[in-house]
Structures are given as structure tokens and as C-alpha cells.
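**Q** Take a look at the following structure, please.
There are 2 protein chains.
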Amino acid sequence: MSIKDRKDRDREKMKKLILDASLKLFISEDYSRISMRKIAEKIEYSPGTIYLYFKNKDEILYELHNMAFDKFYREQQKVNSIKEPFEKLREHGKIYINFAINNPEYYELMFIMNATGIEIEKKSNWYAGKRTFEFLMQNIQECLDNGYFKSHDVFSASMAMWSFVHGIVSLYLRKRMAMIPSENQKDVMFAAYEFFMINTGKK
Amino acid sequence: MSIKDRKDRDREKMKKLILDASLKLFISEDYSRISMRKIAEKIEYSPGTIYLYFKNKDEILYELHNMAFDKFYREQQKVNSIKEPFEKLREHGKIYINFAINNPEYYELMFIMNATGIEIEKKSNWYAGKRTFEFLMQNIQECLDNGYFKSHDVFSASMAMWSFVHGIVSLYLRKRMAMIPSENQKDVMFAAYEFFMINTGKK
DNA sequence: AAAATTACTGAACACTGTTCATTTTGTCAA
DNA sequence: TTGACAAAATGAACAGTGTTCAGTAATTTT
Chain H
1 MSIKDRKDRD
11 REKMKKLILD
21 ASLKLFISED
31 YSRISMRKIA
41 EKIEYSPGTI
51 YLYFKNKDEI
61 LYELHNMAFD
71 KFYREQQKVN
81 SIKEPFEKLR
91 EHGKIYINFA
101 INNPEYYELM
111 FIMNATGIEI
121 EKKSNWYAGK
131 RTFEFLMQNI
141 QECLDNGYFK
151 SHDVFSASMA
161 MWSFVHGIVS
171 LYLRKRMAMI
181 PSENQKDVMF
191 AAYEFFMINT
201 GKK
Chain E
1001 MSIKDRKDRD
1011 REKMKKLILD
1021 ASLKLFISED
1031 YSRISMRKIA
1041 EKIEYSPGTI
1051 YLYFKNKDEI
1061 LYELHNMAFD
1071 KFYREQQKVN
1081 SIKEPFEKLR
1091 EHGKIYINFA
1101 INNPEYYELM
1111 FIMNATGIEI
1121 EKKSNWYAGK
1131 RTFEFLMQNI
1141 QECLDNGYFK
1151 SHDVFSASMA
1161 MWSFVHGIVS
1171 LYLRKRMAMI
1181 PSENQKDVMF
1191 AAYEFFMINT
1201 GKK
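Heads up: the protein sequence lines correspond to chains H and E, in order.
So in the numbering used here, spot 188 of the first sequence is number 188, and the numbers just go up one at a time.
So in the numbering used here, spot 67 of the second sequence is number 1067, and the numbers just go up one at a time.
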């Protein structure tokens, strides 16, 4: 079975080669201009070869989306150093916002891009998204246990928190803060975030 | 000068013809599949002709974005029937969310699409967005005047409100609520909205 | 060494936005 | 009405896109 094993390994290596090249292209170039031919050129194979390893472009983007979630999940864990639930949550949101600002291409794949959204819907289980959301829910539960928030519905509270931070960064990333000078946009984002936290956090 | 007048009118008519055809295509077809050739075919002109009236596709999309904002602004005015500021704001948000659910293509143009975002950034003044945002700000100011919200920064409060409703609908539109059965997603959205309103609204 | 299997290629198909030389249509003075 | 000019419209061409598949090359098995 050793030949089969090697072939399996080679296949995984090739997939990784394609994904790594795709990710590099996705981050460096304007992400909308990533193309199968450019990926092929980067790995020095013909365009047709990629289709022997991935069904289509969307499947590649979905894999990049998973890689992006892994990166975010690692960042997310940093909140564990804070014990007080609400301070932990405050940091949680900040990490989210900063991740989006510093890694707009990753954020695009995870939460904005239509192509990945369609793939997410196709699969019966959105592991990556679920894991991150459930980690947030834990933090919200801790807050509820300590008397924060009026409601006791963890799910609604978590969705609200997520919606808020997603809303603010996606307005920013999609240039819908055009009424604010660009040098002030980040400050406005964090001011709005503080407003949200102060008002919802009232015991 | 009457010939020039007629020519000006003809030119405006032609622009309207192109925009109306574009809007119809944009709404009926999958919006990502709208193409200059399809617009040309619909109005029974050659593709090149469109470029005599619009610089490029993005300019057409920007005009559609303006038309979408007009439609939303009209819906937004309905809140004026409610006098109590906070109840008015609650309705304001509901109108926003329902607009996005019922007109996903318009919402796409206004707040999500990258092409329009780039055009918005190019123009020095985002009239459409400003008008809608300022109308929201008025409502928030009324709330502040009546003792709602802890902060007294109208701008941050308005950005927070907008971010929240935008966040929730864009997660929904981009299929990032995949962990929730689709038949429940709308309920979850409104539950999260209620959470937000109840918690931030505490006097 | 020959046969069978697997891996890879690159031309081809049907699209996309955009440009521009060429043709058609409209206007106006003689 | 005719000829000259200007304006409007055309559609082929360019450079790109995702994807497919008959044909070739390399590898493995017999």
C-alpha cells in the first residue's frame, strides 16, 4: 500500500501547493482579479491541472475561507487571558474589528464574499463559522451569568454582538463611511463600538 | 436653441432608457450576471452605444445605486407618523431590515457592492448616503433629547444603530447565518434586533 | 518490453468590459 | 434638392475570464 500512500501524499502536497499560491495571490493582488490562469502560472502548471484537484474556483475560495477562519480563531483565543466576562467581551469585539482592518482579504473570504457564501450554504455544516460563533456564545453566556444584559437569550445576544461588529467593519471595508474623512474612520468605528458596549453592558 | 434643447432631451431619454433596462436586468437576473451586452440587447442598440452615454459599467451601477437610495428614502419617511422618538427609532430599524429582505438587489447596490463603493469614494460627496444617514441622525437626536442612551454623542450613536442593522441584514444576505435553519433566520434577525433595542434603549 | 493506468496539457468554447475605425443618420447652408 | 459637415451608432477586435476535454506524456503494472 506504500505506493498508494505516496500518491495520497503527493495529491495533498499538490492541493497545498495550489492553495498556498492562491492565498498569496489573493492577498497580494486585488482579490477580485485572482484568476485560475494566474494560479496556474504561479505554480508552473497548466490551467487544466488545477481542475484535477479542485472542482472549480469556488471550491478553492472555500478552502481559503477555512484557512482564514483558522487564523481568526487563533487570534480569538487571546481573550482567554481576561477573566472578567464583560472586559473579555469588550476585548473580543476589539480583536474582531482589528482583524478585519488588518486582514481585509481574509475578512472578505470569511464574511462578505458571495462565492464563499454560496459554498457555505451548499455544505450541510459550516464548521469554521460555527466554531468561532460558539466561542463567542460562551463569552456572552459568562456575561449573562454575571448579570449583564437585560435579556437571557444567549443566542440573540450573540447574534446582536456579532451583527454589530460585522456591520461596522463591513461598512468600513466597503467604503460606506465616505461621509467621514478617511483618517477619522477608524476612530469613529471604535467610538461607535464603545457606544454599543457602554449602552448594552449596563447591569 | 430648440434643436439643442431637443438633443439634450433625447440624450436624457436615452440615459433613462439604459438605466431602466439595467435596473430591470439587475433585479430579474442574478445581479452578478448583468452585462453590457445584455443591456444593449434589451434596449436594441449595440454595446458600443452605451459608452456614448456612460463612461463605463460602474457609472451605470452608481446611478442604479442612486435610484435605490431614492426608493429607500421614501420608505424611511414613513417613520414620521410616529411621534415618540424611541418608538420611531424602533420602527426606523424595522423598515431598514425589511427593505433589505424585500429588496436584496437594491440593498446590494447601496451598501454591499464593491463597484459602487469605489465610485462613492471617487465622488467628493455621497449625497444619497448622507441624506439617509442624516435623517437617521435626526431621529437619534430626538432620542437623546428625551433621555435615551447613556452617551450624548449623536454621531457615534447613529453609526452604532446603522452598523447594527447593516450587520444583521448583510450576514443574512451573504448567507452567513448558515448555522440557523433558513426558515428561522428572519425570526433570529428580529430577535437580535429586539435585544439591541431593549438593551441600548434603557433610560 | 508491452500494455494499462494515471497525470498533465493547451486549444477551444462561451463569456466578460471596453475601444475605435467605419458606416449610417441627421442638420444646415447654398 | 444637393452637397458638406457633424453627430450618432455600429460591430469587429483586444485582452481578459472560468471551464472542458481530446490528445500527449509519464508512470506503474503485467
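A virtual CB, placed ideally from N, CA and C, is assigned to each residue, including glycine.
According to DSSP, simplified to helix, strand and coil, what is E1044(E)?
**A** In the second sequence, counting from the first residue as 1, residue 1044(E) sits at position 44. In the structure shown, E1044(E) sits in coil (DSSP, three-state: anything other than H, G, I, E or B).
**Q** Do the segment 96–111 of chain H and the segment 1153–1165 of chain E touch if we need at least three Cβ pairs shorter than 8 Å?
**A** Cβ pair count under 8 Å is below three, so no.
**Q** Using DSSP with H/G/I as helix, E/B as strand and the rest coil, what is P1104(E)?
**A** Here residue 1104(E) corresponds to residue number 104 of the second sequence, with the count starting at 1. The answer is helix: DSSP assigns P1104(E) an H, G or I state.
**Q** Throw me the rounded Cβ distance for the L1025(E) and L1061(E) pair, which I believe falls under 8 Å.
**A** Here residue 1025(E) corresponds to residue number 25 of the second sequence, with the count starting at 1. Here residue 1061(E) corresponds to residue number 61 of the second sequence, with the count starting at 1. Not quite, the Cβ-Cβ distance comes to about 12 Å (not below 8 Å), so this is no contact.
**Q** Taking DSSP as the reference, what is the three-state secondary structure of H152(H)?
**A** Numbered from 1 along the first sequence, position 152 holds the residue referred to as residue 152(H). Residue state, collapsed to three classes: coil.
**Q** For A1192(E) versus S163(H), is the C-beta distance shorter than 8 Å?
**A** For the purposes of this step, residue 1192(E) is taken as the residue at position 192 of the second sequence. For the purposes of this step, residue 163(H) is taken as the residue at position 163 of the first sequence. In contact: A1192(E) and S163(H) (Cβ atoms closer than 8 Å).
**Q** Any beta carbon from chain E within less than 8 Å of N146(H)'s own beta carbon?
**A** In the first sequence, the residue the question calls residue 146(H) occupies position 146. Cβ-Cβ to chain E under 8 Å: no for N146(H).
**Q** Quick check: what's the CA-CA separation for K1071(E) versus E84(H)?
**A** Sequence index remark: in the second sequence, residue 1071(E) carries index 71 (1-based). Sequence index remark: in the first sequence, residue 84(H) carries index 84 (1-based). Rounded to the nearest angstrom, the two C-alpha atoms are 46 Å apart.
**Q** Considering only C-alpha positions, which residue in the set D58(H), V165(H), I120(H), A21(H) is nearest to I97(H)?
**A** Residue 97(H) sits at position 97 when you count from the first residue of the first sequence. Nearest option by C-alpha distance: V165(H).
**Q** Could you name the residues of chain E that K186(H) contacts, counting a contact when the two beta carbons are closer than 8 Å?
**A** Reading the first sequence from its first residue, position 186 is the one you call residue 186(H). Chain E residues near K186(H): none, gap ~12 Å exceeds 8 Å.
**Q** Would you identify the three-state DSSP class for D1005(E), choosing helix, strand or coil?
**A** Position 5 of the second sequence, counted from the start, is the residue given in the question as residue 1005(E). Residue state, collapsed to three classes: helix.
**Q** So if I threshold CB-CB distances at 8 Å, which residues from the segment 1152–1176 of chain E count as touching chain H?
**A** Residues passing the 8 Å Cβ filter: D1153, F1155, S1156, A1157, M1159, A1160, W1162, S1163, F1164, V1165, H1166, G1167, I1168, S1170, L1171, R1174, K1175, R1176.
**Q** Residues of chain H with CB under 7 Å from M1179(E), in chain order?
**A** Here residue 1179(E) refers to the residue found at position 179 of the second sequence. Those are W126, G129, K130, F133, listed as they occur along chain H.
**Q** My assumption, with CB atoms under 8 Å, is that G117(H) sits in contact with R1033(E). Please give the rounded CB distance.
**A** For the purposes of this step, residue 117(H) is taken as the residue at position 117 of the first sequence. For the purposes of this step, residue 1033(E) is taken as the residue at position 33 of the second sequence. G117(H) to R1033(E), Cβ: 16 Å. No contact.
**Q** Our contact map puts E63(H) next to L19(H) with C-beta atoms below 8 Å; I'd like the distance itself, whole angstroms only.
**A** Residue mapping note: residue 63(H) aligns to position 63 of the first sequence, counting from 1. Residue mapping note: residue 19(H) aligns to position 19 of the first sequence, counting from 1. 6 Å between Cβ atoms; contact.
**Q** Using the three-state DSSP reduction, which class does M179(H) fall into: helix, strand or coil?
**A** The residue given as residue 179(H) occupies position 179 in the first sequence. M179(H): coil per DSSP, three-state reduction.
**Q** In whole angstroms, give me the CA-to-CA distance for D1010(E) and G1048(E).
**A** For the purposes of this step, residue 1010(E) is identified with residue 10 of the second sequence, where counting begins at 1. For the purposes of this step, residue 1048(E) is identified with residue 48 of the second sequence, where counting begins at 1. Approximately 18 Å between the Cα atoms of the pair.
**Q** Just curious, the alpha helix (DSSP H) that R131(H) is in, first and last residue?
**A** Here residue 131(H) corresponds to residue number 131 of the first sequence, with the count starting at 1. Residues 127–145.
**Q** Short check: CB of V1188(E) to CB of I1180(E), under 8 Å?
**A** For the purposes of this step, residue 1188(E) is identified with residue 188 of the second sequence, where counting begins at 1. For the purposes of this step, residue 1180(E) is identified with residue 180 of the second sequence, where counting begins at 1. Yes, they are a contact pair.
**Q** Beta-carbon separation of M1137(E) and G1093(E) under 8 Å?
**A** The residue labelled residue 1137(E) in the question sits at position 137 within the second sequence. The residue labelled residue 1093(E) in the question sits at position 93 within the second sequence. Against a cut-off of 8 Å, the Cβ pair of G1093(E) and M1137(E) comes out as no contact.
**Q** Rounded to a whole number of angstroms, what is the C-alpha to C-alpha distance between D5(H) and Q77(H)?
**A** Residue numbering aside, residue 5(H) sits at position 5 when the first sequence is read from its first letter. Residue numbering aside, residue 77(H) sits at position 77 when the first sequence is read from its first letter. The straight-line gap from Cα to Cα measures roughly 35 Å.
**Q** With a 10 Å radius around its C-beta and 16 neighbouring C-beta atoms as the bar for buried, classify N1184(E) as buried or exposed.
**A** Translated into positions along the second sequence, residue 1184(E) becomes position 184. N1184(E) should be labelled exposed.
**Q** Does the beta carbon of G93(H) come closer than 8 Å to any beta carbon on chain E?
**A** Counting from one through the first sequence, the residue named residue 93(H) turns up at place 93. By this cut-off, G93(H) is not an interface position.
**Q** Sorted by chain position, which residues of the same chain lie with C-beta nearer than 8 Å to A1021(E)'s C-beta, five sequence neighbours on each side aside?
**A** In the second sequence, residue 1021(E) corresponds to position 21, counting from 1. Only I1039, K1042, I1043 meet the Cβ criterion.
**Q** Shortest alpha-carbon distance to A1128(E) belongs to which of Y1031(E), H1065(E), M1014(E), Y1045(E)?
**A** Taking the second sequence and counting its residues from 1, the one referred to as residue 1128(E) is at position 128. Of Y1031(E), H1065(E), M1014(E), Y1045(E), the residue nearest in Cα terms is H1065(E).
**Q** Three-state secondary structure (DSSP) at I1120(E)?
**A** Working through the second sequence from its first residue, we reach residue 1120(E) at position 120. Here I1120(E) sits in helix by DSSP.
**Q** Compare the beta carbon distance of S1158(E) and F1133(E) with 8 Å and say whether it is the shorter of the two.
**A** Here residue 1158(E) refers to the residue found at position 158 of the second sequence. Here residue 1133(E) refers to the residue found at position 133 of the second sequence. Yes, these two residues count as a Cβ contact at 8 Å.
**Q** Please identify the residue among S1028(E), Y1045(E), F1054(E), I1168(E) whose C-alpha is closest to the C-alpha of I1112(E).
**A** Working through the second sequence from its first residue, we reach residue 1112(E) at position 112. When only C-alpha atoms are compared, the closest one is I1168(E).
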